[in-house]
Amino acid sequence: MRSLSFLARLLAAAAANDLTRGLAALGSAAENCATRAGAAGLDFARCVQDAASYPNFLLPRPLFDEALRNASCRLPGASRALRRHTLDISAGGSDCSEQARRLDVEVFREHPPVALIKGFAPNATCARLLLVAGGLDSLSPAVARGVAGGFYRRSSSKNVANHELDAHPALQSLRAEMFLAAKQLTGYSLNSTSPEPLNIAAYRNPGDEYRPHCDGRCSGDRHRPGERVATSILYCQVPTEGGHTTFTHDALKIAPSEGDLLVFGYLIGQTMARGEAEHSACPVLAGGKWIATQWYAEENG
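Heads up: the sequence shown is residues -16 to -1, 1 to 285, going by mature numbering (1 follows the signal peptide of the UniProt record, and there is no 0).
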């Protein structure tokens, strides 16, 4: 019995030693690859995965993804867009309307889509939104711990009901334009009457973050009618350092400016995405950040 216990401890120590070496190799690879493949993106992820190979040791994929995300958050720089185009959009729903706006779009991934609309909302609209929400001090702490210990999410948040937004013409237009942007950029048949409220989230303290997670199911199985398939995030305040948005699977690192709108989907055909939909908010290092998030479901039938 004693010899079995000793053997178990010996194997555990060996595994821990290999794990430490594997993580060290990953960190070193990330530093080296940042200068060759850019600070983030699919080329960066592949470079790190190849360079971090440790003899007779394969870092488990979830652990690799987590370590890669943390390395991406720490390193300077951000992903480069695959392509750019313009998007015509109006709250009236007609691109021919006099109210239509032409906005610049940066596409970071095609399938499932990840795109950033530059200058989507002015500061005045964000200020009105925050006023209707009751200000940052009205937000409640959103703190959650992961199953392995440590914080999974550190921020504060509050939901704002659709009828509260629709009572203000500027915010009603904002909500309508966010929906149209998400529908056009994803190509999904989104439900315009989704009951989910707009969520306001703030990251006000150094270290506040939201670790890798999915807004819908990261299951890879068939889509179920009525479930979430897309997200849009309006960045009303961005920190002076840190706080980027990452997509774990492809090591994408997005650095929005204030007023930008990020749109991403997690449906591929009729199948829910797997790890491609996993994303995170990097730790805020300096300054504050607050965002408005809207989730979308696909129309039934």
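We put the beta carbon where it would ideally sit given N, CA and C, even for glycine. Please read all numbers here as calculations on a predicted model, not as lab measurements.
- In this structure, valine 144 sits near alanine 117, with a CB-CB distance shorter than 8 Å.
- For the pair cysteine 57 and serine 178, the Cα-to-Cα distance works out to about 33 Å.
- When the Cα atoms are used, alanine 160 and leucine 114 turn out to be separated by approximately 18 Å.
- Bounds of the alpha helix (DSSP H) holding histidine 147 are 146 to 150.
- Distance from asparagine 284 to glycine 210 at the Cβ level is roughly 6 Å; contact confirmed, criterion being Cβ atoms closer than 8 Å.
- Excluding the 5 residues flanking it on each side, threonine 255 has same chain C-beta neighbours closer than 8 Å at Gly204, Asp205, Arg206, His207, in chain order.
- Assigned with DSSP and collapsed to three states, threonine 277 falls in strand.
- The closest CA to that of proline 125, considering only Ala166, Cys110, Ala185, is found on Ala185.
- Taking all protein chains in view, the Cβ of threonine 109 is crowded by 16 or more other Cβ atoms within 10 Å, so the residue is classified as buried.
- DSSP, read as helix, strand or coil, puts leucine 71 in strand.
- Rounded to the nearest angstrom, the gap between the Cα atoms of tyrosine 172 and glutamate 282 is 7 Å.
- Rounded to whole angstroms, arginine 93 and serine 141 show a C-alpha spacing of 28 Å.
- In the structure shown, glutamate 242 falls within a coil segment according to DSSP collapsed to helix, strand and coil.
- Its Cα nearest to that of proline 190, the residue Arg137 stands out among Phe231, Arg137, Arg53, Pro196.
- For the 8 Å CB-CB criterion, leucine 71 and proline 240 do not form a contact.
- If you draw a straight line from the Cα of phenylalanine 248 to the Cα of leucine 236, it comes to about 12 Å.
- Contact annotation, arginine 53 with threonine 232: C-beta distance approximately 5 Å; criterion of less than 8 Å satisfied.
- Residue Arg188 holds the alpha-carbon nearest to the alpha-carbon of alanine 270 among Thr215, Ala65, Arg188.
- Apart from sequence neighbours up to five positions away, the residues of its chain that approach glutamate 148 with a beta-carbon distance below 7 Å are Val116, ordered along the chain.
- Judged by DSSP secondary structure, glutamate 161 falls within the alpha helix (DSSP H) whose first and last residues are 153 to 170.
- In this structure, leucine 158 sits near alanine 105, with a CB-CB distance shorter than 8 Å.
- Rounded to the nearest angstrom, the Cβ distance from threonine 230 to cysteine 202 is 15 Å, too far for a contact under 8 Å.
- Residue environment analysis places threonine 170 among the buried positions, since at least 16 neighbouring C-beta atoms fall within 10 angstroms of its C-beta.
- Residue Pro196 holds the alpha-carbon nearest to the alpha-carbon of alanine 51 among Gly226, Val98, Pro196, Arg86.
- Aspartate 121 is classed as exposed because its beta carbon has fewer than 16 other beta carbons within 10 Å across all chains shown.
- If you draw a straight line from the Cα of valine 98 to the Cα of glycine 119, it comes to about 29 Å.
- Under DSSP, alanine 111 takes part in no beta bridge, so it has no partner.
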